[in-house]
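Trainee: Our numbering puts the last residue of the sequence shown at 340; the count rises by one with no breaks. Cβ atoms here follow ideal geometry from the backbone N, Cα and C, with glycine treated the same way. I have a structure I would like to understand better, so I am pasting it below and will then ask my questions one at a time.
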Amino acid sequence: MRWWPVFLRNLLVWRKLAIPSLIGNIAEPLIWLVAFGYGMGALVGQVSVEGTQVPYILFLASGSICMSSMNAASFEALYSAFSRMHVQKTWDGIMNAPVGLDDVVLAEMLWAAFKAIFTTTAILFVMLGLGISHSPKLLVAWFVLAGVGVTFSCIALIFNALAKGYDFFTYYFTLFMTPMMFLSGVFFPLEQLPDVVHRVANWLPLANAVALVRPLFMDQWPQDWWRHAVVLGVYTVAAFWVALGLTRKRFRA
């Protein structure tokens, strides 16, 4: 449990900026939801999901909340973690105590996941207020979204360990996150993609997250849930160990 004081330290610092952080994290996804959900939704109408017709705003909401979890975890594990590691030298100060580098990396991963949980919880309450979905299975979706935050915090920590400066993160957002947003079924069904692209997209972490969360918004249980859970689990474990190895290598250098 030596990671806990590091996690608590981040929590105490963030507590001073909780309200601006909340507004910043939920403003963008809500703008997407209102602009596309109500604007484009009026043009699209209903969307077919596994043979069931659902309003486009519900289709978009169930995908965009997964995207919000990804974004919140990624931003924290990239910019904030990099600042603590490289700019402010907070990690060096912490490791003067009986806390190892592995404990710090684990705490950063869990902290980024917590930020994702905080963001998605706020967005879920807004969606409930808008009446987009009142399914009791949203409670299960909350746990899935927490797992999504863990997955993407681990992936982002890999790039954090490789980065030499903030500009390096442009590669992560431009070449990884942005294409995945459009290839994971957030804005339109995956079936609309060419067959080859569809097959590749099925193995993206965000696509598997959406496949788990969207049926829960529709008050249904996801099909082949175990396959999607295994894919996310493999991404999480592999990314964490790669991030840990790269971070150890960076500090040895």
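Can you list, in chain order, the residues of its chain with a C-beta nearer than 6 Å to that of Arg301? Leave out the 5 residues immediately preceding and following it.
Mentor: In the sequence shown, residue 301 corresponds to position 214, counting from 1. Ser149.
Trainee: Rank Phe304, Val329, Glu163, Ala296 by C-alpha distance to the C-alpha of Phe205 and give the top, closest one.
Mentor: Position 118 of the sequence shown, counted from the first residue, corresponds to residue 205. Checked all of Phe304, Val329, Glu163, Ala296; the closest Cα to Phe205 is Glu163.
Trainee: Between Leu331, Ala199, Pro292, Val100, which lies nearest to Met268 when the distance is taken from Cα to Cα?
Mentor: Numbered from 1 along the sequence shown, position 181 holds the residue referred to as residue 268. Measuring from the Cα of Met268, the nearest candidate turns out to be Pro292.
Trainee: Just the C-alpha distance for Gly236 and Leu130, rounded to the nearest angstrom, thanks.
Mentor: Position 149 of the sequence shown, counted from the first residue, corresponds to residue 236. Position 43 of the sequence shown, counted from the first residue, corresponds to residue 130. Using only the alpha carbons, I get a separation of about 32 Å.
Trainee: By Cβ distance, which residues of its chain are closer than 7 Å to Lys224, with the 5 residues on each side in sequence left out?
Mentor: Locating residue 224 in the sequence shown gives position 137, where the first residue counts as 1. Hits under 7 Å: Leu303, Asp306.
Trainee: Label Val121 either buried or exposed according to how many other C-beta atoms from any shown protein chain fall within 10 Å of its C-beta, with 16 as the threshold for buried.
Mentor: The count along the sequence shown starts at 1 and reaches residue 121 at position 34. Flag for Val121 reads exposed.
Trainee: Going by alpha carbons, who is nearest to Arg96 out of Ser108, Gly180, Cys153, Pro107?
Mentor: Position 9 of the sequence shown, counted from the start, is the residue given in the question as residue 96. The shortest C-alpha separation from Arg96 is found at Gly180.
Trainee: For Val93, which residues from the same chain have a beta carbon less than 7 Å from its beta carbon, with the 5 sequence-adjacent residues on both sides left out?
Mentor: Sequence index remark: in the sequence shown, residue 93 carries index 6 (1-based). Once the five neighbours on either side are set aside, the close Cβ partners of Val93 are Ile181, Val186, Asp190, Val191, Ala194.
Trainee: CA-CA distance, Arg314 and Val283?
Mentor: By 1-based counting over the sequence shown, the position of residue 314 is 227. By 1-based counting over the sequence shown, the position of residue 283 is 196. Going from the Cα of Arg314 to the Cα of Val283 covers about 20 Å.
Trainee: Where DSSP assigns a beta bridge to Ser135, which residues make up the other side?
Mentor: Position 48 of the sequence shown holds residue 135. Answer is Gln140, bridged to Ser135.
Trainee: Alpha carbon to alpha carbon, what distance is there between Gly252 and Phe230?
Mentor: Numbered from its first residue, the sequence shown carries residue 230 at position 143. Numbered from its first residue, the sequence shown carries residue 252 at position 165. Using only the alpha carbons, I get a separation of about 33 Å.
Trainee: In angstroms, rounded to a whole number, what distance separates the CA positions of Leu147 and Arg339?
Mentor: Mapped onto the sequence shown, residue 147 falls at position 60. Mapped onto the sequence shown, residue 339 falls at position 252. Leu147 and Arg339: Cα-Cα distance of roughly 45 Å.
Trainee: Please tell me whether Ala233 and Ile113 are closer than 8 Å, where the distance is taken between their beta carbons.
Mentor: Translated into the one-based positions of the sequence shown, residue 233 becomes position 146. Translated into the one-based positions of the sequence shown, residue 113 becomes position 26. Contact: no.
Trainee: Just the C-alpha distance for Thr334 and Met154, rounded to the nearest angstrom, thanks.
Mentor: To locate residue 334, count along the sequence shown from 1; it is residue 247. To locate residue 154, count along the sequence shown from 1; it is residue 67. In a straight line, the C-alpha of Thr334 is about 26 Å away from that of Met154.
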